[in-house]
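Numbering (the numbering used here), first residue to last: 1208 to 1596. All C-beta atoms in this analysis are idealised placements derived from N, C-alpha and C, irrespective of residue type, glycine included. These numbers come from a predicted model, not from an experiment.
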């Protein structure tokens, strides 16, 4: 099961609100269920949703539409209609095709939607290539160097003159799991002088702040990130009355959770390695397979004990690459039936989980004040056939 510390979640949300101000949005792609949506809203955050499904979950949790920001690089007509009808606080426009859709769909709307233009600054963040989003070659946004961003501003202002949209500002995002604040400096140094000439009200710098997953890693706090970004914005001449916003996700939820497994098999291959198999795997945490991400492991029955035994922790799926922790250190007396926990699994575990091999997805539990509540129930075998025609 996924176990989240609710107090930890609330502290991180408050830190984000204090650091960035009222406009900061929680990036729900990192972890979303109705309980998390309600918690982020209670703590004063907007919610960043990127699909019709995420929009539906947030609304069903009671989050007011005016506290939602609609993202997505390929929004369908239905998704845009839903965002306009709600109406959400801002729609982040990602392409010229989307501007065409808005011109058609916003006609006759009771209120012109406020839009931000997603601009690609041409900055390559120091992170895995699969989660870089700010370079010129990307599916996201309007390129700054190519002139597409300027053209998008011109077209958006034409729609604004027609009363179809309100151009509220610019959005940028350069990647995920970024440890070097210099990457954000580079984003601002490229984007800032161009943005400052536009006279718009909001500049959203996206998210992407990294977190420490394994021993020896260090990460900056949300507060340090915000302070550095604000200083860089002032340095490049962004007016003081511009609303600077951001969209932290991983940095709010990642360290709030552990995943707890049960050890089912221990297989020793003399002179090669020892495999410890657990009752989950790439279906509940695909990050090691996708990105080569590292994790630690411990036994909840003895969390502070020495961990001298080197093992490879694997899942139960039909893949040799079904690795959770390639080089784990565990107590010498680990045995079948033990509970085994991997920390820092609050982001992109539950949200990327699948039913590969028809393994039911695990439940999500929030703990607070010595008690717990199930916020997402464990799937059953019946759930696996519920959608079959």
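By the neighbour-count criterion, in which a residue is buried when 16 or more other Cβ atoms sit within 10 angstroms of its Cβ, residue 1579 is exposed.
In chain order, 1591 place their CB closer than 6 Å to the CB of residue 1565, counting only its own chain and leaving out the 5 sequence neighbours on each side.
Annotation for residue 1395: the continuous alpha helix (DSSP H) segment containing it runs 1388 to 1403. Residue pairing for residue 1220: DSSP places it in no beta bridge.
When secondary structure is reduced to three states using DSSP, residue 1296 falls in the coil class, being assigned neither helix nor strand.
Look at residue 1471 here: in three-state DSSP terms it is strand.
Between the beta-carbon of residue 1378 and that of residue 1451 there is about 12 Å, and that puts the pair past the 8 Å contact cut.
In the DSSP assignment, residue 1530 is bridged to 1521.
In the three-state scheme derived from DSSP, where H, G and I count as helix and E and B as strand, residue 1559 is classed as helix.
Residue 1537 and residue 1547 have their C-alpha atoms some 9 Å from each other. Cβ-Cβ distances below 8 Å link residue 1516 to 1481, 1536, 1537, 1538, 1539 and 1541 in the same chain, with the five nearest sequence neighbours on each side left out; the list follows chain order. Membership of residue 1378 in the beta strand (DSSP E) is indicated by the continuous run 1373 to 1378. Taking each of 1357, 1388, 1295 and 1491 in turn and checking the Cα distance to residue 1263, the smallest one comes out for 1295. Around the beta-carbon of residue 1588, fewer than 16 other beta-carbon atoms lie within 10 Å, marking it exposed. Ranked by how close their Cα comes to the Cα of residue 1258, the residues 1277, 1245 and 1356 have 1277 in first place. In this structure, the CA atom of residue 1240 is about 38 Å from the CA atom of residue 1401. For residue 1452, the uninterrupted beta strand (DSSP E) segment begins and ends at 1450 to 1452.
Annotation for residue 1287: 1308, 1309 and 1312 place their beta carbon closer than 7 Å to its own, counting only its chain and skipping 5 residues before and after. Counting of Cβ neighbours within 10 angstroms places residue 1581 among the exposed residues, the total staying below 16. For residue 1502, the secondary structure class from DSSP, reduced to helix, strand or coil, is coil. Minimum Cα-Cα distance from residue 1315 among the listed residues 1292, 1306 and 1327 corresponds to 1292. A distance of 8 Å or more separates the beta carbons of residue 1502 and residue 1563.
Spanning the alpha carbons of residue 1560 and residue 1304 requires a straight line of approximately 31 Å.
When the alpha-carbon of residue 1551 is set against those of 1532, 1567 and 1410, the nearest one is in 1532. If you look at residue 1411, you'll find it in the beta strand (DSSP E) that goes 1409 to 1411. The residues 1324 and 1349, in chain order, have a CB closer than 6 Å to that of residue 1359 in the same chain once the five nearest residues on each side in sequence are set aside. Rounded to the nearest angstrom, the gap between the Cα atoms of residue 1244 and residue 1416 is 20 Å. Secondary structure remark: continuous beta strand (DSSP E) runs of at least 3 residues inside the segment 1247 to 1306, in chain order: 1253 to 1256, 1275 to 1277 and 1297 to 1300. Rounded to the nearest angstrom, the Cβ distance from residue 1507 to residue 1467 is 7 Å, consistent with a contact under 8 Å.
Between residue 1395 and residue 1461, the C-beta gap is not smaller than 8 Å, which leaves the two residues out of contact.
Look at the beta carbons and you see the segment 1441 to 1460 not touching the segment 1483 to 1498: under three pairs across the two are nearer than 8 Å. Per the coordinates, the alpha-carbon of residue 1586 lies some 11 Å from the alpha-carbon of residue 1208. Under DSSP, no beta-bridge partner is assigned to residue 1228. Under DSSP, residue 1536 takes part in a beta bridge, and its partners are 1517. In summary, residue 1545 is buried, with 16 or more beta-carbon neighbours lying within 10 Å of its beta-carbon over all protein chains present. Beta-bridge pairing by DSSP links residue 1420 to no other residue.
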